[in-house]
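Take the sequence shown: its position 115, counted from the start at 1, is 150 in my numbering, and no numbers get skipped.
Working notes for the structure below.
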Amino acid sequence: MSFAVGFVAVVVFALLAPALQLMARARAWALGPVILLAIAAVVSHGLGVMLGIFAIPHFQYWNAASIFGFCVLAYVFAFGAVYKSVSLDILRGLVDRPGRRAPVSDIAERQVPDLFRGRIGNLVDGGLVEPVDSHFRATAAGRNMAGRIGRLRRAFGIGDTGLYDFSD
């Protein structure tokens, strides 16, 4: 029964997480999508634990938590794979066009600049990059973040993937 409680908590999370994302967009909340996922995970886990404590005489917390943790991590990984993916945005742009195709120049001249503006806007809004004349410059916070990311990449054994290379 404790495993079932874990599954119930997963269902609550799977319903709550997208609901929070929709509410955040509709009400222009300042909370980022990852923070909303964390809130959904904490709330649904707490509700699951309370359900287990009150409904099951010999509630096995770790059985419920293992199911919940595995499923929520799978959800978060899937969410991360599709959230702000440049490759998927380009693919979706192609699929939405007549004939499901576009010349490379059209993608490079129309779609890529919009993607860049969105990404650089996030960096500027986050205080990691600042515009200076016709250039962008990493702020102290940006340099600090890049250093931490580089250390994490080395710790996880991630080399140059061809997409990102954080040199020292």
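Ideal Cβ placement from N, Cα and C applies to all residues, glycine included.
{"Check": "Mark Ile102 as exposed unless 16 or more other C-beta atoms lie within 10 angstroms of its C-beta, in which case mark it buried.", "Outcome": "buried"}
{"Check": "Just to confirm the assignment: which complete alpha helix (DSSP H) runs, minimum length 4, are found wholly within the stretch 44 to 100?", "Outcome": "68 to 90"}
{"Check": "With H, G and I counted as helix, E and B as strand and the rest as coil, what does DSSP make of Pro166?", "Outcome": "strand"}
{"Check": "Just tell me which of Val121, Gly104, Ile184 has its CA closest to the CA of Gln146.", "Outcome": "Val121"}
{"Check": "Within this structure, are the beta carbons of Ala76 and Val107 separated by less than 7 Å?", "Outcome": "yes"}
{"Check": "Suppose contacts are defined by Cβ-Cβ distances below 7 Å. Is Ala176 in contact with Gly162 by that definition?", "Outcome": "yes"}
{"Check": "Decide yes or no for the touch test of the stretch 112 to 128 against the stretch 87 to 100: beta carbon pairs closer than 8 Å, at least 3 of them.", "Outcome": "no"}
{"Check": "Out of Leu71, Leu72, Arg178, Ile88, which has the shortest C-alpha to C-alpha gap to Gly41?", "Outcome": "Ile88"}
{"Check": "Flag this pair as touching only if the stretch 56 to 68 and the stretch 126 to 133 have three or more C-beta atom pairs under 8 Å; answer yes or no.", "Outcome": "no"}
{"Check": "Just the C-alpha distance for Arg132 and Val139, rounded to the nearest angstrom, thanks.", "Outcome": "13 Å"}
{"Check": "Distance check for Val84 and His170, CA to CA, integer angstroms please.", "Outcome": "51 Å"}
{"Check": "Between which two residues does the alpha helix (DSSP H) holding Ala176 run?", "Outcome": "175 to 190"}
{"Check": "Quick one: what does DSSP say Arg172 is sitting in, helix, strand or coil?", "Outcome": "strand"}
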